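The structure appears right after this line, and notes come after that.
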Amino acid sequence: FGLMGFLGFANVYAMRVNLSVAIVAMIDHSKLPKPENSSLSDICHYDDDNATVTPLPNGPFAWDESDQGIILGAFFYGYILTQVPGGRLAEKFGGKTIFGLGVLLTAIFTLISPIAAHIGFPAFIFIRVLEGLSEGVPFPAMHAMLARWIL
Numbered sequence: 004f005g006l007m008g009f010l011g012f013a014n015v016y017a018m019r020v021n022l023s024v025a026i027v028a029m030i031d032h033s034k035l036p037k038p039e040n041s042s043l044s045d046i047c048h049y050d051d052d053n054a055t056v057t058p059l060p061n062g063p064f065a066w067d068e069s070d071q072g073i074i075l076g077a078f079f080y081g082y083i084l085t086q087v088p089g090g091r092l093a094e095k096f097g098g099k100t101i102f103g104l105g106v107l108l109t110a111i112f113t114l115i116s117p118i119a120a121h122i123g124f125p126a127f128i129f130i131r132v133l134e135g136l137s138e139g140v141p142f143p144a145m146h147a148m149l150a151r152w153i154l
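Residues 4 to 154 (my numbering) make up the sequence shown, in order.
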């Protein structure tokens with residue numbers, strides 16, 4: 004029970020944060036507007052004569068910072084909606100079933116997300132919300148299982 008719960012939570016957490024890491028490589032940085040002002044200061048002088056700079060890889064998407072914020076935030080719009088219903092579903096149908104379905108659906112939506120990103124921005128947002136909806140149920144399902152196990 005404990006080991007499987009841990010592995011399930013490790014999976015859903017990894018699926019939650021994977022886009023936060025991958026989005027850096029998904030963006031075509033050459034298509035984004037350059038900042039007009041620089042925050043570099045003369046106080047801490049940086050000499051780049053002996054530095055090697057590796058440019059960021061350019062991905063296929065031209066999402067600006069606002070779009071990236073919407074994409075990353077879309078997950079949590081779905082996530083917050085299923086916290087209470089996830090617990091009630093776990094009480095009614097059993098925590099193990101709801102926990103497993105939440106992990107499975109999150110995995111499926113995570114696998115579909117690259118296809119949705121290539122289809123378009125709205126499709127990707129929709130998949131991210133669905134991913135959040137499905138990942139919102141494992142935590143309350145585990146709480147329902149722990150409540151039965153302890154009592």
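Virtual Cβ for every residue (Gly too), placed ideally from N, Cα, C. If you're wondering where the values come from, they're calculated on a predicted model, not measured in any experiment.
{"query": "Cα separation between L159 and P63?", "result": "Coverage of the chain is limited to positions 4 through 154, which leaves residue 159 absent and any answer about it impossible."}
{"query": "When the Cα of S23 is compared with those of T85, A147 and F78, which residue comes out closest?", "result": "F78"}
{"query": "Tell me whether F64 sits in a helix, a strand or coil according to DSSP, three-state version.", "result": "strand"}
{"query": "Between the Cα of D70 and those of Y82, D31, W152 and R91, spot the shortest distance and give me the residue it belongs to.", "result": "D31"}
{"query": "Excluding the 5 residues preceding and the 5 following V87 in the sequence, name in chain order all residues of the same chain whose CB lies nearer than 8 Å to its CB.", "result": "P143"}
{"query": "Mark T109 as exposed unless 16 or more other C-beta atoms lie within 10 angstroms of its C-beta, in which case mark it buried.", "result": "buried"}
{"query": "Tell me which same chain residues have a C-beta within less than 7 Å of the C-beta of A126, skipping the five on either side of it?", "result": "A119"}
{"query": "Between I128 and I73, how many whole angstroms is the CB-CB distance? I'm expecting something under 8 Å.", "result": "7 Å"}
{"query": "At what residues does the alpha helix (DSSP H) containing P36 begin and finish?", "result": "Element bounds for P36: n/a, residue is neither H nor E."}
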